[in-house]
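The structure under discussion appears below in the form of structure tokens.
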Amino acid sequence: MLRIHFTDADLARVQVAARPDPLWEICFSLRRFQSRKGLWAYADWHRSAREALYAKGLAPVVRSVLRPLYPGGTYFPDFLTPAEASEGLDAGLEAILDVPRKRVLRELNILDQVNGAPDWTRQLPDITTRKEFVRTIRTYYDVAIRPHRDHMQAHVDADRSARARDLLDGGTDGLLAGLGPYMRWRRPTLEIDYCEDRDLHLDGRSLTLVPSYFCWGGPVSLADSDLPPVLAYPLRHAAPRTDETGAQKARAPLSALLGETRAIILRATATGATTGELARAAGVSAASATRHTTVLRDAGLLVSHRHGPSVLHTLTPPGAALLRAGGQNSRTAPV
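Position 265 of the sequence shown, counting from 1, maps to 249 under our numbering, and the rest follow consecutively.
Following this line, the structure appears as structure tokens:
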């Protein structure tokens, strides 16, 4: 179990990342290639990413260069997920190049002791080898992850809407208490199901929560407690539709969605809304609102996540684009 100990100052400064962290997503996506756990949630990505990597001739590089540095075990080097990546891929890759040689050596030695490291990593502390490695990371991101950024961002936005509701309803205590199912808030400590037993004392440094699309099976923190505290946690994934009508609806043209009720529901979803709120906004029953959100979700215009006893709906980028095309500001639409 990981126990994160908060002070009052830490509680006042908790942050939730606004977008997917590219280097954390690289890490977790490579782990998805090494395990069948949760494969149902990533089946479409897994298939398309593998095809793209093979088409670009990158599959051998992924196997021999990238996967050994991001093993599915208990440890991978912290320098691969620097805090600067929150500002974007370029900033994160520059931070990897700027890591002191001694730190790279130290963390690679830990990796070798815990999981084993390939011989080529002995050259990684050298800046020339590290630049080549960074180019490999960038290429992998461009091929396997960049095409899916909008989909990932939609899931992060949905999660942040849920976190915002928890914060408004219960303050920071409500935010931390709603992070389950792998986490339990027992003020002033956040208890996390973890692969090792350790304590992390924030001591006024606060904590950055990083919602991750590719994270699966529980949150992950940095191994070095002296680094800025970060906790990457998995987003919830809806079970896949298996019925034929769902697949047919997903292929329906957007014109099938036009209509006053669905337009109202789509506008109301712009700021995040539960099924009950959407029903009230459109003046329909909850069952009718559910049918409309199902059509909109199957068309890729919104995403839905269970949040406590309710289902919270938020826009996807195509949904927001449709509202903008219709003259409705997707960020200020009233519920």
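C-beta: ideal position from N, C-alpha, C; glycine also.
Could you tell me whether the segment 259 to 274 touches the segment 123 to 138, using the rule of 3 or more Cβ pairs below 8 Å?
No, the segment 259 to 274 is not in contact with the segment 123 to 138.
Answer with buried or exposed for Leu163, where buried requires no fewer than 16 other C-beta atoms within 10 angstroms of its C-beta.
By the 10 Å Cβ count, Leu163 comes out buried.
How long is the line joining the alpha carbons of Arg315 and Ala254, rounded to whole angstroms?
Residue confidence is low: Arg315 scores 39 on pLDDT, short of 50, so the model does not pin down where it sits. Its coordinate-derived value is still stated next. Roughly 6 Å between the two C-alpha positions.
Look at the Cβ atom of Pro213, then the Cβ atom of Arg189, and state whether they are nearer than 7 Å.
Yes.
Take the Cβ of Pro102 as the centre, count every other Cβ of all protein chains shown within 10 Å, and call the residue buried at 16 or more, exposed below.
By the 10 Å Cβ count, Pro102 comes out exposed.
Nearest to Asp325 by alpha carbon, out of His139, Pro66, Pro218, Val46?
This structure cannot speak to residue 325, because the chain is shown only from -15 to 319.
Roughly how many angstroms lie between the CA atoms of Asp82 and Glu261, to the nearest whole one?
Roughly 49 Å separates the two Cα atoms.
Give a yes or no on whether the C-beta atoms belonging to Arg16 and Phe198 are separated by under 7 Å.
Yes, the pair counts as a contact, with Cβ atoms nearer than the cut-off.
Could you give the distance in angstroms between the alpha-carbon of Thr112 and the alpha-carbon of Leu23?
So the two alpha carbons sit approximately 36 Å from each other.
Assuming the contact rule is C-beta atoms closer than 8 Å, Leu191 and Asp(-6) should be a hit. Round their C-beta distance to whole Å, please.
Right, their Cβ atoms sit about 6 Å apart.
For Gly57 and Phe12, what's the separation of their Cα atoms in angstroms?
When rounded, the distance between both Cα atoms is 12 Å.
According to the Cβ coordinates, are Phe63 and Val88 closer than 7 Å?
Taking 7 Å as the Cβ cut-off, Phe63 and Val88 qualify as a contacting pair.
Count the C-beta pairs between the segment 140 to 147 and the segment 39 to 58 that are closer than 8 Å, then say yes if the count reaches three, no if not.
With the cut-off at 8 Å, the segment 140 to 147 and the segment 39 to 58 do not touch.
Looking at the unbroken beta strand (DSSP E) that takes in Ile(-12), where does it start and where does it end?
Here the beta strand (DSSP E) through Ile(-12) covers -14 to -11.
Could you tell me the boundaries of the alpha helix (DSSP H) in which Thr173 lies?
Per DSSP, Thr173 belongs to no alpha helix (DSSP H); it is in the beta strand (DSSP E), 173 to 176.
Which term fits Ala257, buried or exposed, when burial requires 16 or more other beta carbons within 10 angstroms of its beta carbon?
By the neighbour-count rule (16 or more Cβ atoms within 10 Å), Ala257 is buried.
With DSSP as the reference, please indicate the residues paired to Pro218 in a beta bridge.
Answer is Ser196.
For Ala266, collect the residues of the same chain with a Cβ closer than 6 Å to its Cβ; drop the 5 residues on either side in sequence, then sort them by chain order.
Around Ala266: Thr245, Ile248, Ile249.
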